[in-house]
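First residue of the sequence shown: 1, per UniProt numbering; consecutive thereafter. Idealized CB from N, CA, C, for every residue including glycine.
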Amino acid sequence: MARILLEIVTPDKVVVSEEVDIVTAPGVAGEFGVLAGHAPMLAGLKIGSVHYRVGDREEWVAVSGGFCEVTGKKVTLLVEAAEKAHEIDVERALRAKERAEKRLQEAQAKGDRLAEARARAALQRALTRIALAERVKAGHPR
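So, in structure tokens, the structure goes:
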């Protein structure tokens, strides 16, 4: 099977750079998959999980929104943050969830819609990280 180069890049580092069989990503218009030879495209990404496979090995990465560029030989995900599932610190993610919930309540009480949107995004990032880490730990990440 032909492979495609996957690069997941944050402002700080390259999280993944590997030839893969298939990539699925959380697009703003819905999840999409990419194989080698895929038509070129650009897509917005939402907070969620990226899944990729190399032979029998499957990997998952939590991402925090961004953009995807696909060429026939390469998939580049430019994201705000990315964390491999097996590297997620669940305790840290739980603390982030608690902080986001508190900020959300405060923003709603003040009627601050911008702060509320930011808190909702932080909460979604934390919930994504927690769910992905727990699913991988349980042996069924999908």
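Spatial neighbours of residue i in its chain, beta-carbon cut-off 6 Å, leaving aside the 5 residues before and after
i	result
Val23	Leu6, Val34, Tyr52 and Val75
Ala43	Gly27 and Cys68
Ser17	Glu7
Cβ neighbours of residue i in the same chain (closer than 7 Å, five flanking residues each side left out)
i	result
Glu116	Leu104, Ala107 and Gln108
Leu123	Lys97, Ala100, Glu101 and Leu104
Ala119	Ala100, Arg103, Leu104 and Ala107
Whole-number beta carbon distance between residue j and residue i, since they are thought to touch under 8 Å
i	j	result
Lys15	Val61	Before going on, a small fix: residue 15 reads as Val here, not Lys. Contact holds; Cβ gap of about 7 Å.
Leu94	Ala25	Not confirmed; about 25 Å, so no contact.
Thr128	Ala82	Thr128 to Ala82, Cβ: 11 Å. No contact.
Ala133	Val90	5 Å
Proximity of residue i and residue j at Cβ, strictly below 8 Å
i	j	result
Ile4	Ala39	no
Asp12	Gly55	no
Sequence-distant residues of the same chain with beta carbon closer than 8 Å to residue i, five excluded per side
i	result
Lys46	Pro26, Gly27, Val28 and Gly65
Is the segment 102–121 touching the segment 66–86 in the sense that three or more CB pairs, one from each, lie closer than 8 Å?
Between the segment 66–86 and the segment 102–121 there are fewer than three inter-stretch CB-CB distances shorter than 8 Å, so the stretches are not counted as touching.
Touch check for the segment 64–75 and the segment 88–99: three-plus C-beta pairs under 8 Å?
With a cut-off of 8 Å, the segment 88–99 and the segment 64–75 do not count as touching, because too few Cβ pairs lie within range.
Taking the runs of the alpha helix (DSSP H) that are 4 residues or longer, which of them lie wholly in the UniProt domain "ATP synthase epsilon subunit C-terminal" (87–134)?
As far as the UniProt domain "ATP synthase epsilon subunit C-terminal" (87–134) is concerned, its whole alpha helix (DSSP H) runs of at least 4 residues are 90–110.
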